[in-house]
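Enquirer:
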Amino acid sequence: MKGYIVRNPKLAWREVDGEMVIISPEDSQVHELNETASLIWKHADGRSLEEIAERISTEYEVSLEAARADIGELVAALEQKQLVFVATEVKG
Amino acid sequence: PKKKRAYVKPQCLSEPIYETLALACGK
Numbered sequence: 005m006k007g008y009i010v011r012n013p014k015l016a017w018r019e020v021d022g023e024m025v026i027i028s029p030e031d032s033q034v035h036e037l038n039e040t041a042s043l044i045w046k047h048a049d050g051r052s053l054e055e056i057a058e059r060i061s062t063e064y065e066v067s068l069e070a071a072r073a074d075i076g077e078l079v080a081a082l083e084q085k086q087l088v089f090v091a092t093e094v095k096g
Numbered sequence: 008p009k010k011k012r013a014y015v016k017p018q019c020l021s022e023p024i025y026e027t028l029a030l031a032c033g034k
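Chains as they are written, first to last, in the numbering used here: chain A, 5 to 96; chain B, 8 to 34.
1. Per DSSP, what kind of secondary structure is residue 74(A) in: helix, strand or coil?
2. Check each residue of the stretch 52-65 of chain A: if its Cβ is closer than 7 Å to any Cβ of chain B, include it; give the result in chain order.
3. Nearest chain B C-beta to residue 95(A) closer than 8 Å, yes or no?
4. If I follow the unbroken alpha helix (DSSP H) through residue 58(A), where does it start and stop?
5. Going along chain B, which residues have a C-beta under 9 Å from residue 38(A)?
6. Residues of chain B with CB under 9 Å from residue 9(A), in chain order?
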């Protein structure tokens, strides 16, 4: 699983009862992430997708393979909605 | 060993802001 995930800095977001609520002012959309997706969002600060998958499989009852697949699916959706950017490498 | 939490597939639900506000104000 390759790539590093970074949140779109133009968004406003806040955690409400363990779930993330994200406001996208450019397209007037509100996005709600469930608990697991919120954990991924919190770690979207330049960490690798592999690192996040390992964290999820450590904390939750899920295999690393399943975590990888689900994270890949979620990140693709978030990227399509322009909530996150996925980079192949992080520039220091 | 440290007990793991129940896993729920990560999901993102999106909707226009005005719909959320309309629900919030009971309309």
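Ideal Cβ positions, reconstructed from N, Cα and C, are used throughout, including at glycine.
Expert: Per the coordinate set shown:
1. Translated into positions along the first sequence, residue 74(A) becomes position 70. In this structure, residue 74(A) counts as helix in the three-state DSSP scheme.
2. Cβ proximity to chain B below 7 Å picks out 63, 64 and 65 from the stretch 52-65 of chain A.
3. The residue labelled residue 95(A) in the question sits at position 91 within the first sequence. Note that residue 95(A) scores 48 on pLDDT, short of 50, meaning its location in the model is unreliable; the coordinates nonetheless yield the value given after this. Among the CB atoms of chain B, none fall inside 8 Å of the CB of residue 95(A).
4. Within the first sequence, residue 58(A) is the residue found at index 54, counting from 1. Counted as a single uninterrupted DSSP element, the alpha helix (DSSP H) harbouring residue 58(A) occupies residues 53-63.
5. For the purposes of this step, residue 38(A) is identified with residue 34 of the first sequence, where counting begins at 1. Residues of chain B whose Cβ lies closer than 9 Å to the Cβ of residue 38(A) are, in chain order, 15, 16, 17, 18, 19 and 20.
6. Translated into the one-based positions of the first sequence, residue 9(A) becomes position 5. Ordered by position in chain B, no residue passes the 9 Å Cβ test against residue 9(A), which lies about 12 Å from the chain.
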